[in-house]
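Peer 1:
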Amino acid sequence: MKRIAVLASGRGSNFQAVLDALGAGTIRAECVGLITDNPGAYAITRAREAGIEATVLDYRAYPSKEAYEADLLAAMQACRADLFVLAGYMRIVGTAIVEAFAGRMINIHPALLPSFAGLHAQRQAVEYGVKVAGCTVHFVDTGMDSGPIIIQRCVPVLEDDDEDSLADRIIEEEHRALPEAVALFCEDRIQVEGRRVRILPPA
Ligand code: GAR
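Note that UniProt numbering has the sequence shown beginning at 1, numbered continuously upward.
1. Roughly how many angstroms separate the alpha carbons of Asp164 and Ser64, rounded to a whole number?
2. Exposed or buried, Thr95, counting other C-beta atoms within 10 Å across all chains shown (16 or more means buried)?
3. Which residue or residues does DSSP assign as beta-bridge partners of Asn14?
4. Decide if the region 122-140 is in contact with the region 95-113; the criterion is three or more beta carbon pairs, one per stretch, under 8 Å apart.
5. Where Val98 and Gly40 are concerned, what is the direct C-alpha to C-alpha distance, given to the nearest angstrom?
6. Does the region 173-184 come close enough to the region 10-23 that 3 or more CB-CB pairs lie under 8 Å?
7. Is any heavy atom of the ligand GAR found at a distance shorter than 7 Å from the C-beta of Asp37?
8. Classify Lys65 as helix, strand or coil using the three-state DSSP reduction.
9. Looking at C-alpha atoms only, which residue of Val85, Ser146, Gly88 is the closest neighbour of Arg196?
10. Thinking C-alpha only, which one of Pro201, Met1, Phe15, Leu7 is nearest Glu69?
11. According to DSSP, Thr55 sits in a beta bridge with which residue or residues?
12. Going by alpha carbons, who is nearest to Ala29 out of Gly10, Ile4, Ile52?
13. Once DSSP output is grouped into helix, strand and coil, what is the label at Gly23?
14. Going straight from the alpha carbon of residue 229 to that of Val32, what length do you get?
15. Contact defined as beta carbons within less than 8 Å: I believe Ser9 pairs with Asn38. What is the distance between those atoms, to the nearest angstrom?
16. Let me know the secondary structure DSSP gives Glu187 once reduced to three states.
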């Protein structure tokens, strides 16, 4: 059985969706840890309730990003996870970590990449005036929200949407797409060919 670990910075509803899928058996894996950069993250409470070890690395207490990332790398290595899931982890991951876990780190982003990378993706979508928005699960590479795409799901943007109403519609799809991608990884059904990802049929 594969070992997965989750990185989250805040509320952790995507982390919860993964925990629920583990509980339901739709993801066959063991969650071996949560790592957060934010001591106030509600994701910590979710981890404790699920009996999962939470490692808190308070980003603001570090003298530099380099010092923080050195501890983050060590914490990730200590997990001995097959897959790291960035579920609302709000920092750009440095090159050393991306390279250490190449092909074993995935991220959920609340936009149809490559549109609206970075922060406030839903606000960017509303302000741009797109008619379709959504979410993307992708591998993490050294760019920002730029790695090979595993799953995308779309939702309509309604004329009276604001950032929050659109985010509410998108997150429902996130909670389906992220566990689905984790399950595919755990079943060895994701094949990466350059930028393109092929989903293999069930064994
Ligand atoms: C989610 O919408 C996730 O896609 C987004 O933060 C939210 C976290 O919610 N992530 C990013 O914007 C990363 N660039 P959650 O803590 O309830 O899962």
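All C-beta atoms in this analysis are idealised placements derived from N, C-alpha and C, irrespective of residue type, glycine included. Because the structure is a prediction, the values reported are computed rather than measured.
Peer 2: Answer, in terms of the structure:
1. Taking the CA atoms as reference points, Asp164 sits about 33 Å from Ser64.
2. By the 16-neighbour rule on beta-carbons within 10 angstroms, Thr95 is exposed.
3. The partner list for Asn14 (beta bridge, DSSP) is empty, contrary to what the question assumes.
4. Touching, per the Cβ criterion.
5. The alpha-carbon of Val98 is positioned some 25 Å away from that of Gly40.
6. Short answer: they touch.
7. Not one heavy atom of the ligand GAR sits closer than 7 Å to the Cβ of Asp37.
8. Helix, per DSSP.
9. Measuring C-alpha to C-alpha distances from Arg196 to each of Val85, Ser146, Gly88 identifies Ser146 as the nearest.
10. The candidate whose alpha carbon is nearest that of Glu69 is Leu7.
11. Under DSSP, the beta-bridge partners assigned to Thr55 are Ile35.
12. The candidate whose alpha carbon is nearest that of Ala29 is Ile4.
13. Here Gly23 sits in helix by DSSP.
14. Nothing about residue 229 can be reported from this structure: the residues present for the chain run from 1 to 203 only.
15. Ser9 to Asn38, Cβ: 5 Å. Contact.
16. Glu187: coil per DSSP, three-state reduction.
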